[in-house]
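Here's the structure we're looking at; comments come further down.
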Amino acid sequence: MSEHIVSSRLYYTIWIVLLVLTGLTAWISTINLGPLNTIVALVIASGKASIVALFFMHLKYTSEKHTRTVVIASLFWVGILFVLSMADYVTRATAR
Amino acid sequence: MSTAATISAEREHYLNKGYGIRSWLFTTDHKRIALLYLVTITFFFFVGGILALLIRLELLTPAGDLVQADTYNKLFSEHGQVMVFFFLIPSIPAVLGNFLVPLMIGAKDLAFPRINLLSWYLLVIAGIIMLHAMMVGGVDTGWTFYTPFSTAFSHTSVVEAGISIFIAGFSSILTGLNFVVTIHRMRAPGMTWSRLPLFIWAHYATSIIQLLGTPVLAITLLLVVFERVFKLGIFDPIRGGDPLLFQHLFWFYSHPAVYIMILPAMGVMNEIITCFSRKRIFGYSFVAMSSIAIAVFGFLVWAHHMFVAGISLYSALIFSLLSYSVAVPSAIKVFNWTATMYKGSITYSTPLLYALGFIGLFTMGGMTGLYLASLGIDVHVTDTYFVIAHFHYIMVGGAVMGYLGGMHYWWPKISGRMYPESWGRLAALIVFIGFNLTFFPQFVMGYLGMPRRYWQYPAEFQVLNVLSTAGATILAVGYLLPMVYFLWSMRYGKIADANPWNAVGLEWMTESPPPTFNFDETPEVTWEAYDYGRVPPQPREVAVEP
Amino acid sequence: MTMAACRRSPGRLPLSHSPTAIEHEHNPALQHHFADMDQQKKAAALGMWLFLATEIMFFGGMFCAYLVYRYWYYNEFAAGSRSLDLKWGTINTAVLICSSLTVALSVRAAQLGKRKLLVILLLLTLLFGLVFLGIKGIEWKSKFEEHHVPGVAFNVNDIMHEYPQIPIDPQHAQVFFSLYFAMTGLHALHMIIGVGLFTFIAYYAYKGRYGPGYYTPLENAGLYWHFVDIIWIYLFPLLYLIDRKPLR
Chain A
6 MSEHIVSSRL YYTIWIVLLV LTGLTAWIST INLGPLNTIV ALVIASGKAS IVALFFMHLK
66 YTSEKHTRTV VIASLFWVGI LFVLSMADYV TRATAR
Chain B
46 MSTAATISAE REHYLNKGYG IRSWLFTTDH KRIALLYLVT ITFFFFVGGI LALLIRLELL
106 TPAGDLVQAD TYNKLFSEHG QVMVFFFLIP SIPAVLGNFL VPLMIGAKDL AFPRINLLSW
166 YLLVIAGIIM LHAMMVGGVD TGWTFYTPFS TAFSHTSVVE AGISIFIAGF SSILTGLNFV
226 VTIHRMRAPG MTWSRLPLFI WAHYATSIIQ LLGTPVLAIT LLLVVFERVF KLGIFDPIRG
286 GDPLLFQHLF WFYSHPAVYI MILPAMGVMN EIITCFSRKR IFGYSFVAMS SIAIAVFGFL
346 VWAHHMFVAG ISLYSALIFS LLSYSVAVPS AIKVFNWTAT MYKGSITYST PLLYALGFIG
406 LFTMGGMTGL YLASLGIDVH VTDTYFVIAH FHYIMVGGAV MGYLGGMHYW WPKISGRMYP
466 ESWGRLAALI VFIGFNLTFF PQFVMGYLGM PRRYWQYPAE FQVLNVLSTA GATILAVGYL
526 LPMVYFLWSM RYGKIADANP WNAVGLEWMT ESPPPTFNFD ETPEVTWEAY DYGRVPPQPR
586 EVAVEP
Chain C
1435 MTMAACRRSP GRLPLSHSPT AIEHEHNPAL QHHFADMDQQ KKAAALGMWL FLATEIMFFG
1495 GMFCAYLVYR YWYYNEFAAG SRSLDLKWGT INTAVLICSS LTVALSVRAA QLGKRKLLVI
1555 LLLLTLLFGL VFLGIKGIEW KSKFEEHHVP GVAFNVNDIM HEYPQIPIDP QHAQVFFSLY
1615 FAMTGLHALH MIIGVGLFTF IAYYAYKGRY GPGYYTPLEN AGLYWHFVDI IWIYLFPLLY
1675 LIDRKPLR
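Taken in order, these protein sequences are the chains called A, B and C.
Position one of the first sequence corresponds to residue 6 (the working numbering), numbered consecutively onward.
Position one of the second sequence corresponds to residue 46 (the working numbering), numbered consecutively onward.
Position one of the third sequence corresponds to residue 1435 (the working numbering), numbered consecutively onward.
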């Protein structure tokens, strides 16, 4: 996909960052932040996922714009599924 | 195949390069795989067709006298599943798309030939499992598998049917993947996106839908299987689940699936109409972009299948509005096709007859879709024969006629033979008449209130049902005729040259049938698509053959 | 409305115009329907990313089900989440992150032609994958022993006793556990497939098949592995961290 050879130091750095974020998210979940708990957890998870995608999966280094389009399109599509389905559930009159 | 030898004893092409069953079952040639698919889907068309005839025979009389109610439930369920997953969804992409996509873009094969063969094997395996499911218990849930009946109450082979369609789904996904990569990466020099035949644009859009939609069906069916086998409660209201969640997930795929079924036929239309009007397509960019728009918008409308199922009024309003908007790109195509024919030099060949039938019948089907998108009307006609007529106008009057038109148009390229033109026109006429007689009465009976999936009905609907069944038998004749004369033509048909229609397109610039690697030299494209200004004004091979 | 022509050179001429001619010193891995290795590599990469897009939609369906039922049954989801072992979940997340590191380093080793390092890294990857599956097995076993597996033996009285402050309907808790097993089960199945895939990759790497001129299967298998890791990165907070706040 790309001939760019990433330095092993960068890989190790990313690895450490991911481990730290993992510990962080586990620890923060034990602190009461109210509704923010969920948001923080998802933000950290998305951060980790982005790091894996950008550096380990070489999304940052690829010259192919198709790859980025495929990733963004699939995230958008799964978003359509979530948003339009939940549009029904959050507007239903019957409480559950 | 001894017939191939009589085409031209010296020239080697894809049909006579290698004989024997192994050269076919282990082929990676996209053209041979297309023919393998042709045999498979034709077989399933027969299976689905026989189921349809049994349904229509039962409905000749108001009483339930031909089959039991349980059997009738199995008939319509299996008719739907076989026709949708084993005929309509593969049909044009797997047969015509497989054959033509590399030819039209000037490539030697698809990007992943072995995955192409795997796609076919997956469909065959899925088909065998489905046939087994039908023979051992059948399926009576409707092709829609609604829960909790399918997960908790049905005593039929739901698990097998679910697994079968799961596997068939992967066949579809892999075909879509192959097409997208091929179209992006393997176009010949000079074949820019704006010079691509619109058949390719249509298949590109179809492949996007296959890639993004089918996996959701796969996971949904898997959850249904898990629920049945492990007694989970994801969709069962008694155990805390929501049956509507199943419907949301199911229709998220199954609505775009109908665009998988119609977009390729629309792609075929572009090729046929331009050739037999001797004109370039009117509004190339609009037609290309409308294919992409249909693929995108098609994912935003699924809950219009659920208007009366219990979704909230607000989401029903959203989906109703979005459903109106999805009609716009289709309408754009119809306008562009008619504008293409305007002041063209028309030849009423068999492919064009199918195309004209498509335009009329697809428009009728599409417009009745707008009625269904309206909440007020849908409350009355949902789950009646109005819906059945609507989707058969599009699926049969549209997609199947597009498929038949395409088969006739490219038959010389595929087989090296011409089909008999007069028989072709006759069959097209019979199909058109039979189709309308079958399905137009169904609009009326649905509007008057006859429910779908009912094995008995009030006597007041009998006349319309009898008309419909009579039409079905005529339609069957219309479908059998091409099978007979296509086979006949492989031995006795007039030998076709490279471009019998004087058409424009890379596939017409190589021999009929093409050599295994498609072109003797990689073509270099310097002309625009549908450049009919520079070819002779008449398509040659449309004299009536004896 | 005009369409901009494709910027890059549209289409490639094969080195020879003859369909069966072979370029003089071609890479033995070149398949002949491709013009050159670059086209083949780019086609394989695009194909792999498209496949990952289908996987996103595949898991997406289950994430949608999760979304709906968490919205409806938050309390049961919170309680069910607490009953999962946070220690094992966190360790497993770390294990997968380590395996992603070894995969990324292995691709780099292939790019640099270091065959021995490549094989070692691939074997480490397999080890991490098996550790993950082993821990998953431990977790599932304890769920089975606690009667939290949906079905006839399902019983969440222990959870209800442990968290009397949270109103819990057993049927709704059953939905949580159904989704727990379906999602982690499907993820584990993908891990098993990944382990199988990398076993083959490791074998071919040992045989010397991959080097700076050709490492596409390794790269694409690596993409798959990283994707399965990303799925777990989301599963971890969604299943284990719903509500770990100290209870009053």
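Quick reminder that beta carbons are idealized off the backbone N, C-alpha and C, glycines included.
The structure presented is a predicted model; accordingly, all values stated were derived computationally and were not measured.
Sub-8 Å separation of Val226/B and Gly1656/C beta-carbons
In this structure, the beta-carbon distance from Val226/B to Gly1656/C does not fall below 8 Å.
Give the C-beta separation of Ser252/B and Phe224/B to the nearest angstrom, bearing in mind that I take them to be a contact with Cβ-Cβ under 8 Å.
Indeed they touch by this definition, with Cβ atoms about 4 Å apart.
Identify whether Ile540/B lies in helix, strand or coil by the three-state DSSP scheme.
Three-state result, Ile540/B: strand.
With a Cβ-Cβ cutoff of 8 Å, do Phe485/B and Phe431/B count as a contact?
No. Outside cutoff.
Can you check whether the C-beta of Leu89/A is within less than 8 Å of a C-beta belonging to chain B?
In terms of beta-carbon proximity, Leu89/A lines the interface with chain B, with at least one pair separated by less than 8 Å.
Any beta carbon from chain B within less than 8 Å of Thr96/A's own beta carbon?
Interface residue, yes.
Comparing the C-beta of His229/B with each C-beta of chain C, is any distance below 8 Å?
At least one C-beta of chain C is nearer than 8 Å to the C-beta of His229/B.
Let me make sure I understand the geometry here. Which of Gln1465/C, Gln1473/C and Glu1489/C has the alpha-carbon closest to that of Met231/B?
Among Gln1465/C, Gln1473/C and Glu1489/C, the Cα nearest to that of Met231/B belongs to Gln1473/C.
Once you ignore the five residues that flank Ile1456/C on each side, which residues in its own chain have a CB closer than 7 Å to its CB?
Because the pLDDT at Ile1456/C is just 45, under 50, the model does not fix this residue reliably, and the value given afterwards should be weighed accordingly. The answer is none, since no qualifying residue turns up.
So what does DSSP say about Thr514/B, is it helix, strand or coil?
The answer is helix: DSSP assigns Thr514/B an H, G or I state.
Under 8 Å, Cβ to Cβ, is there at least one residue of chain B near Leu80/A?
Judged by the 8 Å Cβ criterion, Leu80/A is not in contact with chain B.
Check the Cβ of Leu257/B against every Cβ in chain A and list those closer than 8 Å, keeping chain order.
Per Cβ cutoff of 8 Å: Ala78, Ser79 and Trp82.
Is the Cβ of Pro288/B closer than 8 Å to any Cβ of chain C?
Using beta-carbon distances, Pro288/B does not count as an interface residue toward chain C, since no partner is under 8 Å.
Contained alpha helix (DSSP H) runs [length at least 4] in the stretch 1496 to 1570 of chain C, N- to C-terminal order
Within the stretch 1496 to 1570 of chain C, the complete alpha helix (DSSP H) runs of at least 4 residues are 1508 to 1516 and 1520 to 1545.
Check the Cβ-Cβ distances between Ile1667/C and every residue of chain A, and say whether any is below 8 Å.
Yes, Ile1667/C counts as interfacial toward chain A.
With 8 Å set as the bound, which would you pick, yes or no: does the beta-carbon of Pro1671/C sit closer than that to a beta-carbon of chain A?
It does; some Cβ of chain A falls within 8 Å.
First and last residue of the uninterrupted alpha helix (DSSP H) at Arg470/B
Taken as a continuous stretch (DSSP letters only), the alpha helix (DSSP H) holding Arg470/B covers Glu466 to Tyr492.
Would you report the Cα separation of Gly516/B and Leu104/B, rounded to the nearest angstrom?
The alpha-carbon separation between Gly516/B and Leu104/B amounts to approximately 13 Å.
Would you list, in chain order, the members of the stretch 1477 to 1493 of chain C that have their beta-carbon closer than 7 Å to a beta-carbon of chain A?
Residues Ala1479, Leu1480, Trp1483, Leu1484, Ala1487, Ile1490 and Met1491.
Quick one: does Val1662/C have its CB under 8 Å from some CB of chain A?
No, no contact with chain A.
Distance, Cα to Cα, Leu23/A vs Val76/A?
Cα-Cα distance, rounded: 21 Å.
Of all the alpha helix (DSSP H) runs that stay within the bounds of the stretch 294 to 371 of chain B, which reach a length of 4 or more residues?
Within the stretch 294 to 371 of chain B, the complete alpha helix (DSSP H) runs of at least 4 residues are 329 to 342.
Taking Cys1498/C as the query, report the chain B residues whose CB atoms sit under 7 Å from its CB, ordered along the chain.
Within 7 Å Cβ-Cβ: Leu294.
Who are the neighbours of Asp154/B on chain C, taking C-beta pairs under 7 Å?
Those within 7 Å of Asp154/B in chain C are His1467.
Report the residue from Leu167/B, Leu474/B and Phe130/B whose alpha carbon sits nearest the alpha carbon of Met306/B.
It is Phe130/B whose Cα lies nearest to the Cα of Met306/B.
Does any residue of chain A bring its CB to less than 8 Å from the CB of Val424/B?
No, its Cβ sits nowhere closer than 8 Å to a Cβ of chain A.
Secondary structure at Gly450/B, three-state DSSP: helix, strand or coil?
Three-state DSSP puts Gly450/B in a helix.
Using a Cβ-Cβ distance under 8 Å, would Pro1604/C count as near chain A?
No - not a single Cβ of chain A is within 8 Å of the one on Pro1604/C.
From the DSSP output, in three-state form, read off Pro503/B for me.
DSSP places Pro503/B in the coil class of the three-state scheme, outside both helix and strand.
On the premise that Leu266/B lies in contact with Phe344/B, defined as a C-beta separation below 8 Å, what is that separation, rounded to the nearest angstrom?
Not quite, the Cβ-Cβ distance comes to about 19 Å (not below 8 Å), so this is no contact.
Taking 8 Å as the threshold (beta carbon to beta carbon), is Tyr249/B in contact with chain A?
No, Tyr249/B lies away from the interface with chain A (no Cβ there is under 8 Å from its Cβ).
Run down chain A in chain order and give the residues with a C-beta less than 7 Å from the C-beta of Ile212/B.
What Ile212/B touches in chain A: nothing, since even the nearest Cβ is about 22 Å away.
Closest Cα partner of Ile595/B within the set His1624/C, Leu1623/C, Leu1484/C and Gly1645/C
Here chain B has residues from 46 to 591 only, and residue 595/B is not among them.
With DSSP as the reference, please indicate the residues paired to Gly1645/C in a beta bridge.
Gly1645/C is bridged to Tyr1648/C.
Quick check: what's the CA-CA separation for Lys378/B versus Pro1671/C?
The C-alpha of Lys378/B lies about 47 Å from the C-alpha of Pro1671/C.
Cβ pair Val341/B, Phe244/B closer than 8 Å:
Against a cut-off of 8 Å, the Cβ pair of Phe244/B and Val341/B comes out as no contact.
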